[in-house]
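Letter by letter, the sequence shown follows residues 14 to 124 in the numbering used here. One structure is given here, and the rest of the page talks about it.
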Amino acid sequence: MIVTEKDTYTILGDEEDGIKSFASFLEFIIPKAYSEKNLVIDLLKYEKLSLEDLLLFLPVSNEQRAANKSFVIVNKAVHIDRVPEEIMVVPTLGEAKDVIELEEIQRDLGF
């Protein structure tokens with residue numbers, strides 16, 4: 014796993030080539046090492062990702078959001094209109110940073 018620490022969030026990327034195994038690994042490692050972090054999951058290298066593949070990340074996304082932490086997936090393979098509201102997917106790392114900043118402001122304001 015490729016880990017990039019930023020000021021207000023951490024980017025996690027897959028250095029292998031298996032979306033299912035990466036999703037399973039994140040379910041294991043996030044509660045142990047990253048539960049207190051806002052997370053960006055970099056899936057840009059997966060250009061042929063399906064909606065079903067994205068939904069593999071829903072359980073860990075739900076856990077992070079329940080703990081008042083951001084969980085943003087970066088990928089442009091699935092059209093945003095097909096992605097359910099329960100999971101945040103954006104096409105660029107810059108947009109992921111913007112989403113985290115907005116969510117931090119909302120949490121600070123009590124929303």
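No residue lacks a Cβ here, since even glycine has one placed at the ideal position from N, Cα and C.
| query | result |
| --- | --- |
| Residue span of the beta strand (DSSP E) that contains Phe-84, given as start and end | 84 to 87 |
| Cβ contact (3+ pairs, closer than 8 Å) linking the stretch 47 to 54 and the stretch 14 to 29 | yes |
| Cutoff 8 Å; reference Pro-44; Cβ partners in own chain excluding five residues on either side | Glu-76 |
| DSSP-derived helix/strand/coil call for Gly-123 | coil |
| Three-state class that DSSP yields for Glu-117 in the structure shown | helix |
| Burial state of Leu-122 (16 or more Cβ within 10 Å) | exposed |
| Alpha-carbon spacing of Leu-11 relative to Ala-90, whole angstroms | Outside the displayed range of the chain (14 to 124) lies residue 11, so it cannot be described from this structure. |
| Span separating the alpha-carbon of Ala-46 from that of Asp-94 | 32 Å |
| Reference Pro-78; option with closest CA among Ser-34, Leu-56, Phe-124 and Gly-31 | Pro is not the amino acid found at residue 78; the sequence shown has Arg there. The option with the nearest alpha carbon to Arg-78 is Phe-124. |
| Identity of the residue in Ser-34, Lys-33, Ser-83 and Tyr-59 nearest Gln-119 by Cα | Ser-83 |
| Range of the contiguous beta strand (DSSP E) that encloses Leu-52 | 52 to 55 |
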